[in-house]
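Notes to accompany the following structure.
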Amino acid sequence: MKQPQIGCLIRALRQEMGLTQEQFAASVGVVYPSVNRWENGHAQPSPMALKL
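All residue numbers for the sequence shown refer to our numbering, where the first residue is 1 and numbers rise by one.
Encoded structure:
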């Protein structure tokens with residue numbers, strides 16, 4: 001799966017849950033910039049983060 005597709009899925013899930021990027025980051029145990037980079041296609045979450 002390409003990074004932008006993963007980012008779109010993460011954004012959709014986060015928005016469906018009604019969470020900000022900061023809240024979502026805290027819920028999966030990462031820092032806010034990681035979620036921002038995932039959603040914008042600049043980075044890909046680790047396999048461990050995807051499991052959460």
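C-beta atoms are modelled at their ideal positions from N, C-alpha and C, and glycine is treated no differently.
Item                                                                                                                                                     : Value
Using C-beta distances below 6 Å, list every residue in its chain close to E39, excluding the 5 sequence neighbours before and after it, in chain order. : G7, I10 and R11
Could you tell me the boundaries of the alpha helix (DSSP H) in which Q21 lies?                                                                          : Q21 to V28
Going straight from the alpha carbon of F24 to that of Y32, what length do you get?                                                                      : 8 Å
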